[in-house]
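Asks: Take this structure first; my questions come after.
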Amino acid sequence: MISRLCSLQRKVNLPLLFLPVFFLAACGSPPLRQPRAMEQANKADQAAHRALHDGDLMRARELFRQAILMQQSLDNLPASAEAAINLSYVSHKLGDDGAALLLLDNILRQDNALIPSELRTSAAFRKGIILADNGKVAEAELALQLADQSCNNQCVYTAGINNLRARLALDKGDFGTALSTAKTVINAGAEKQEMANSQRIAAAAESALNHHEAALLYYNAALELDKELALSARIYEDLTGIAKVLAKLGRKPEAEEFARRADAVILASRELTIKSEKKATP
Amino acid sequence: MKLLADKDERFKGLFVKVSIFVLIAIVGVSLNLLFSGIKKGFFTPKSAIYFVAGTGQDIKVGMPVKLSGFKIGSVSKLELDNKAQAQVEMMVENRYLTLLKADAMVSLKKEGVIGDSILEATRGSEDKGPLKVGAIIEFERGGGLDQIAVDLRDRLYPALDEINKLLKDANDPKGDVRQTLSNLRHLSEEVRGTRERINHLLEQVDEGILNDVRPALRSARHSAEAAQVIVEKDIPSLIKKVDASLDNVRQISETLKTTVDNSAPQLSGFIGETRGLVSDTRNVMDSASTSWPLKNMMQPPEQGLVRMDSHD
Numbered sequence: 221m222i223s224r225l226c227s228l229q230r231k232v233n234l235p236l237l238f239l240p241v242f243f244l245a246a247c248g249s250p251p252l253r254q255p256r257a258m259e260q261a262n263k264a265d266q267a268a269h270r271a272l273h274d275g276d277l278m279r280a281r282e283l284f285r286q287a288i289l290m291q292q293s294l295d296n297l298p299a300s301a302e303a304a305i306n307l308s309y310v311s312h313k314l315g316d317d318g319a320a321l322l323l324l325d326n327i328l329r330q331d332n333a334l335i336p337s338e339l340r341t342s343a344a345f346r347k348g349i350i351l352a353d354n355g356k357v358a359e360a361e362l363a364l365q366l367a368d369q370s371c372n373n374q375c376v377y378t379a380g381i382n383n384l385r386a387r388l389a390l391d392k393g394d395f396g397t398a399l400s401t402a403k404t405v406i407n408a409g410a411e412k413q414e415m416a417n418s419q420r421i422a423a424a425a426e427s428a429l430n431h432h433e434a435a436l437l438y439y440n441a442a443l444e445l446d447k448e449l450a451l452s453a454r455i456y457e458d459l460t461g462i463a464k465v466l467a468k469l470g471r472k473p474e475a476e477e478f479a480r481r482a483d484a485v486i487l488a489s490r491e492l493t494i495k496s497e498k499k500a501t502p
Numbered sequence: 043m044k045l046l047a048d049k050d051e052r053f054k055g056l057f058v059k060v061s062i063f064v065l066i067a068i069v070g071v072s073l074n075l076l077f078s079g080i081k082k083g084f085f086t087p088k089s090a091i092y093f094v095a096g097t098g099q100d101i102k103v104g105m106p107v108k109l110s111g112f113k114i115g116s117v118s119k120l121e122l123d124n125k126a127q128a129q130v131e132m133m134v135e136n137r138y139l140t141l142l143k144a145d146a147m148v149s150l151k152k153e154g155v156i157g158d159s160i161l162e163a164t165r166g167s168e169d170k171g172p173l174k175v176g177a178i179i180e181f182e183r184g185g186g187l188d189q190i191a192v193d194l195r196d197r198l199y200p201a202l203d204e205i206n207k208l209l210k211d212a213n214d215p216k217g218d219v220r221q222t223l224s225n226l227r228h229l230s231e232e233v234r235g236t237r238e239r240i241n242h243l244l245e246q247v248d249e250g251i252l253n254d255v256r257p258a259l260r261s262a263r264h265s266a267e268a269a270q271v272i273v274e275k276d277i278p279s280l281i282k283k284v285d286a287s288l289d290n291v292r293q294i295s296e297t298l299k300t301t302v303d304n305s306a307p308q309l310s311g312f313i314g315e316t317r318g319l320v321s322d323t324r325n326v327m328d329s330a331s332t333s334w335p336l337k338n339m340m341q342p343p344e345q346g347l348v349r350m351d352s353h354d
């Protein structure tokens, strides 16, 4: 190796070898820096995302609060609305739905011209989800309507809005509408998460309509997608759904096996959550 | 006679042209050196001031001498004398020399807790005359993190020794504390015995006062005498010992308080410096992570709306 390098040195002028290094160093010049306050606000937002990614919801909540204040102090309304939507998501995860809804209502109350339509859609959509989780179907439908108006079938939430509509129909006992709406999403195609959601809703609707074999097919499709996405809580829902359908079909040993798998999934998931909460910020 | 004839018009007067060019270059370089020298203070009149340090550790030739944060000179010579002490010569600019008084002194410090070492001069008393050229001034070491650690160690060790002694004394069966407790226990037993005897006397008083009352009273008197001996002899010494122990504890408390009081400003400075260091490091890391080639290797930080679907 050394002899090869020496022979190379004899053939090539050594300073020429450094030329590419100089060019590369020139490419490596750092990008232009933003004003300090803006940098700090962005850093708080990034740190909040990191905390959320690590499962430290308390820290994420604190950092998103900071990000909102920093963006408000710079009169950056879209950025502060974005941080508020993220904070509402974290608050919902922490079970503080009151705070989450208050944040979203504040955004929806603001002048249309000040908040981009994508953020308004997101706020209304998330409000609908939280209300649906709380069983407030009528209020959720109003929020969904607002999201639908802002989106007008031309935003990233189209599949999600349709799934939420199907979910609300399922909650109201309108299984036919739920099934047809979920099928619309399945046929139109969507990203994996929404596709899995629509399969799960379709399965529940089919099961409610006593079409158990069809329900099994949808549940298995949803399970496959949720395993790809590695979402424990949803894998649990799919396994539980399959167990119930199998029980209705009279296949008790299989149903018990799926129920056992579902229990194992949820127990492990809870243990992991407790451990990560212990590690997280007190 | 010329060796080669300059036939080309362009070569006419070439020697003069080259000479002028070289001359301009020499003048330029000289001026550059001159201005650099002026800026560096090579031509500023300076005077020698001396001090003696126990050791030459951390003192170097060229080390700046500062007064109120301004550089007033530098260390010019460092020698070992016949007592194995470091003789240090500083060259201080004459315009600043007038600011120093006869009892001025220098101390070895660090710029920040982990910065370079410097010599910090103190002005001296206002009532003293100006410092003379060639004078020898006082020197002390101080400042840096290692010095804080040494200070803390020097102050904490005696306090810890006292606590250690106190604990040893408390655990020693022949020590003050154990002896005191033992005496108290003994006194308590004596008093309990006396009470039992008196109770017995009261029970027997109806049956035969004449036969029993005398020995019982004798016993009571004996116990009372024993108690009196203990009270008169042991209690004062016990109180003295407790007083001494309390004095020790008070001294330890005062030593610790002084240590904390003296160290607190330095520790707060240290914490501030550390915070600054962490902040600077974070800035460097942030800048590095956004530059080639690291930015290609690192995952871009998440920003914007958190991903959420209809089931979240």
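Residue numbers (our numbering), protein chains in the order written: chain A, 221 to 502; chain B, 43 to 354. Positions of the beta carbon are idealized from the N, C-alpha and C atoms, including for glycine.
Any idea if R292 (chain B) is buried or exposed, counting beta-carbon neighbours within 10 angstroms, 16 or more meaning buried?
Replies: exposed
Asks: Count the other C-beta atoms from every protein chain shown that fall within 10 angstroms of the C-beta of F63 (chain B), then say buried if there are 16 or more, exposed otherwise.
Replies: exposed
Asks: Could you list which residues in chain B have their beta carbon closer than 9 Å to that of R285 (chain A), in chain order?
Replies: Within chain B, no residue comes near R285 (chain A); the closest Cβ sits about 15 Å away, beyond 9 Å.
Asks: Report yes or no: is there a C-beta of chain A within less than 7 Å of the C-beta of M350 (chain B)?
Replies: yes
Asks: Looking at C-alpha atoms only, which residue of A:L362, A:L451, A:L283 is the closest neighbour of T341 (chain A)?
Replies: A:L362
Asks: E232 (chain B) and A268 (chain B): beta carbons closer than 7 Å?
Replies: yes
Asks: Rounding to the nearest angstrom, what Cα-Cα distance links I160 (chain B) and T323 (chain B) in this structure?
Replies: 24 Å
Asks: According to DSSP, simplified to helix, strand and coil, what is E168 (chain B)?
Replies: Three-state DSSP puts E168 (chain B) in coil, outside helix and strand.
Asks: Taking only beta-carbon atoms, is E431 (chain A) less than 7 Å away from chain B?
Replies: It should be noted that the sequence gives His, not Glu, for residue 431 (chain A). Not one chain B Cβ lies under 7 Å of H431 (chain A).
Asks: Look up Y92 (chain B) in the DSSP assignment and say whether it is helix, strand or coil.
Replies: Correct three-state label for Y92 (chain B): strand.
Asks: Should M43 (chain B) be flagged as near chain A, meaning a C-beta pair shorter than 7 Å?
Replies: Reliability of the predicted coordinates at M43 (chain B) is poor, the pLDDT of 47 falling under 50, and the value obtained from them is presented with this limitation in mind. No, because no Cβ of chain A sits closer than 7 Å to the Cβ of M43 (chain B).
Asks: Examine the Cβ distances between the stretch 50-66 of chain B and the stretch 136-143 of chain B and report whether three or more of them are shorter than 8 Å.
Replies: no
Asks: Can you name the start and end residues of the alpha helix (DSSP H) that Q365 (chain A) belongs to?
Replies: 357-371
Asks: Under 8 Å Cβ to Cβ from I406 (chain A), same chain only, skipping five residues before and after it: list those, please.
Replies: Shown here for I406 (chain A): same chain residues with a beta carbon closer than 8 Å to its own, the five before and five after excluded, namely M415, S418, Q419, A422 in chain order.
Asks: Does DSSP put Q291 (chain A) in a helix, in a strand, or in coil?
Replies: Note: Q291 (chain A) maps to helix in three-state DSSP.
Asks: Sort out for me which residues DSSP pairs E131 (chain B) with in a bridge.
Replies: B:Y92, B:K119
Asks: Identify the continuous alpha helix (DSSP H) that holds E180 (chain B) and give its terminal residues.
Replies: No alpha helix (DSSP H) holds E180 (chain B); the beta strand (DSSP E) holding it covers 178-183.
Asks: Whose Cβ in chain A lies nearer than 9 Å to the Cβ of G346 (chain B)?
Replies: D265, H269, E302, N306
Asks: Which residues of the stretch 381-402 of chain A have a Cβ closer than 7 Å to any Cβ of chain B? Give them in chain order.
Replies: N383, L384, R387
Asks: Within the 7 Å Cβ cut-off, does N372 (chain A) reach chain D?
Replies: Here the protein chains are A and B, and chain D is not one of them.
Asks: Between the Cα of M132 (chain B) and those of B:A146, B:S78, B:K151, B:V103, spot the shortest distance and give me the residue it belongs to.
Replies: Ranking the options by Cα distance to M132 (chain B), first place goes to B:V103.
Asks: Could you give the residue range of the alpha helix (DSSP H) that holds M147 (chain B)?
Replies: From DSSP, M147 (chain B) is part of no alpha helix (DSSP H) but of the beta strand (DSSP E) over 147-152.
Asks: Quick check on the DSSP output: the alpha helix (DSSP H) that includes N71 (chain B) runs from which residue to which?
Replies: Reading off the sequence shown, one finds Val at residue 71 (chain B), where the question assumed Asn. 56-82 is the span of the alpha helix (DSSP H), which, as asked, contains V71 (chain B).
Asks: Does any residue of chain A have a CB that is nearer than 7 Å to the CB of P343 (chain B)?
Replies: yes
Asks: Applying the 10 Å Cβ sphere with the 16-neighbour rule, what's the burial state of V232 (chain A)?
Replies: Low confidence applies here, because V232 (chain A) scores a pLDDT of 49, under 50, leaving its location unreliable and the question unanswered by this model.
Asks: Taking only runs of the alpha helix (DSSP H) that begin and end inside the stretch 380-420 of chain A, which ones reach a length of at least 4 residues, in chain order?
Replies: 395-408
Asks: If we define contact as Cβ-Cβ less than 7 Å, is Y309 (chain A) a contact residue for chain B?
Replies: yes
Asks: What number of angstroms, rounded off, separates the C-alpha of R183 (chain B) from the C-alpha of I305 (chain A)?
Replies: 58 Å
Asks: Could you name the residues of chain B that L272 (chain A) contacts, counting a contact when the two beta carbons are closer than 7 Å?
Replies: V348
Asks: Could you please give the first and the last residue of the uninterrupted beta strand (DSSP E) stretch that includes K263 (chain A)?
Replies: Careful: K263 (chain A) lies outside any beta strand (DSSP E), inside the alpha helix (DSSP H) at 256-273.
Asks: For S295 (chain B) and S224 (chain B), what's the separation of their Cα atoms in angstroms?
Replies: 28 Å
Asks: For a cutoff of 7 Å on Cβ pairs, would you count Q413 (chain A) as touching chain B?
Replies: yes
Asks: What residue range is occupied by the uninterrupted alpha helix (DSSP H) comprising L297 (chain A)?
Replies: 297-313
Asks: Are there 16 or more other CB atoms within 10 angstroms of the CB of I288 (chain A), so buried, or fewer, so exposed?
Replies: buried
Asks: Using a Cβ-Cβ distance under 7 Å, would H353 (chain B) count as near chain A?
Replies: yes
Asks: In this structure, what does DSSP give as the bridge partners for P106 (chain B)?
Replies: B:S116
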